[in-house]
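Novice: One structure coming up, written as structure tokens, with questions to follow.
In the working numbering, the protein residues as written are 56 to 425.
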């Protein structure tokens, strides 16, 4: 197999009065595991269907390796799709489901047998060849659909929410399997999901979509650590927003005045000037929480605030603290469970606490000139 570069140029699509895709352009690299991530209704599945040939755009073009496929039929595009409902033939065995597209191409029985067994082995179903779909678990059914999609050796594999019907633990296991399969076949994967953890776990790059527009494209760490705007910051995991008016700026650091809090330091991830209104995002796991005032000697820019634990949620590997400041501003702080000889005093509900972070752990997401 070989992957293809996928070029998506100014795709527009409307259904009636509803604009579903608005001038969407993307370049997906050869052999890349690329995710389209966004909430329901953002246009990601419609874009996938346009790439597959199941929908026609109002305008724009799709190219594979610089060759337009926009006027080709789905079976002419060297693109296969895996759906969330598996789309298996209930009256055919596992073997025959995978063999079906090869039979349509009138391949010899020798080639069919070799290819079917090769891909069923890849998805670890070689011992289930004679079973019917009704005898398989959800995860096994999805593996059959993956093998059937790969047996024709497409240049691009499209995956439309393929794990949404599985339970959480099985989803995680199938993500690992998908990543392994991608490494083995080396073709271009385009993966549609609304689940942030799925996209961050397996993708080389992610496109975050909202209301038919691509808001940001980047690696998982870029999307998470350096979100392009407030929507991306809030959609990709949990976060805190701090906003206020800039009162001073130097080479690397700014200071904003935040209602109910006072002056807060932040790094200049974007150009700002005094008087601008800015918004900074700080992930809950970047914030420390202690009952004692922190020792910050040598770190003069550290932000230290005090408040009361309004609520806490134990999740197993961490505790989520919801801390109300005196100003009634609410902060989320996530503390991983570790035990060592210098561990802090346990923190309980209604305890007075200090929360603190380094400005480098925040990220400036919005600037409104004033």
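Backbone N, C-alpha and C fix where the C-beta goes; we use that ideal spot for every residue, glycine too. Source: prediction; values computed, not measured.
I need the boundaries of the beta strand (DSSP E) containing residue 223, first residue and last residue.
Specialist: If you number the chain shown from 1, residue 223 lands on position 168. Not the beta strand (DSSP E): residue 223 falls in the alpha helix (DSSP H), residues 223-240.
Novice: Nearest-angstrom Cα distance between residue 291 and residue 173?
Specialist: Position 236 of the chain shown, counting from 1, holds the residue named residue 291. Position 118 of the chain shown, counting from 1, holds the residue named residue 173. Between residue 291 and residue 173, the C-alpha separation is close to 37 Å.
Novice: What residues are listed by DSSP as bridge partners for residue 299?
Specialist: Mapped onto the chain shown, residue 299 falls at position 244. Note: residue 299 sits in a beta bridge opposite 333.
Novice: Below 8 Å CB to CB, which residues in the same chain sit around residue 232 once its five sequence neighbours on both sides are set aside?
Specialist: Counting from 1 along the chain shown, the entry for residue 232 is found at position 177. Hits under 8 Å: 178, 179 and 198.
Novice: Would you check if the segment 96-111 and the segment 230-250 touch, i.e. whether three or more CB-CB distances between them fall below 8 Å?
Specialist: Touching, yes.
Novice: Keeping to the same chain, check which residues put their C-beta closer than 8 Å to that of residue 307; ignore five residues upstream and five downstream.
Specialist: Translated into the one-based positions of the chain shown, residue 307 becomes position 252. Correct list, in chain order: 322 and 323.
Novice: Roughly how many whole angstroms lie between the Cα atoms of residue 138 and residue 200?
Specialist: Taking the first residue of the chain shown as position 1, residue 138 is located at position 83. Taking the first residue of the chain shown as position 1, residue 200 is located at position 145. When rounded, the distance between both Cα atoms is 8 Å.
Novice: Does residue 396 come out as helix, strand or coil in the three-state DSSP assignment?
Specialist: What you label residue 396 is simply residue 341 of the chain shown in a count that begins at 1. A caution first: residue 396 carries a pLDDT of 43, below 50, which makes its placement in the model unreliable, though a value can still be read off. Coil, per DSSP.
Novice: Indicate the three-state DSSP secondary structure (helix, strand or coil) for residue 110 in the structure shown.
Specialist: The residue you call residue 110 lines up with position 55 of the chain shown. If DSSP states are grouped into helix, strand and coil, residue 110 belongs with coil.
Novice: Assign residue 215 to buried or exposed, taking buried as 16 or more other Cβ atoms, counted over all protein chains shown, within 10 Å of its Cβ.
Specialist: Stepping through the chain shown from its first residue, residue 215 is reached at position 160. Result: buried.
Novice: Going straight from the alpha carbon of residue 72 to that of residue 153, what length do you get?
Specialist: In the chain shown, the residue the question calls residue 72 occupies position 17. In the chain shown, the residue the question calls residue 153 occupies position 98. Each residue's alpha carbon lies about 40 Å from the other.
Novice: Given that a residue counts as buried once 16 or more other Cβ atoms are within 10 Å of its Cβ, and exposed if not, what is residue 166?
Specialist: The residue given as residue 166 occupies position 111 in the chain shown. Exposed, because fewer than 16 other Cβ atoms sit within 10 Å of the Cβ of residue 166.
Novice: Mapping DSSP to helix, strand and coil, what is residue 92?
Specialist: Counted from its first residue, the chain shown places residue 92 at position 37. Strand, per DSSP.
Novice: When the Cβ atoms of the segment 279-295 are set against those of the segment 115-126, are three or more pairs found closer than 8 Å?
Specialist: No, because fewer than three Cβ pairs between the segment 279-295 and the segment 115-126 fall closer than 8 Å, the two stretches do not touch.
Novice: For residue 339 and residue 297, I'd like the C-alpha separation in whole angstroms.
Specialist: The count along the chain shown starts at 1 and reaches residue 339 at position 284. The count along the chain shown starts at 1 and reaches residue 297 at position 242. Taking the straight line joining both Cα atoms gives about 12 Å.
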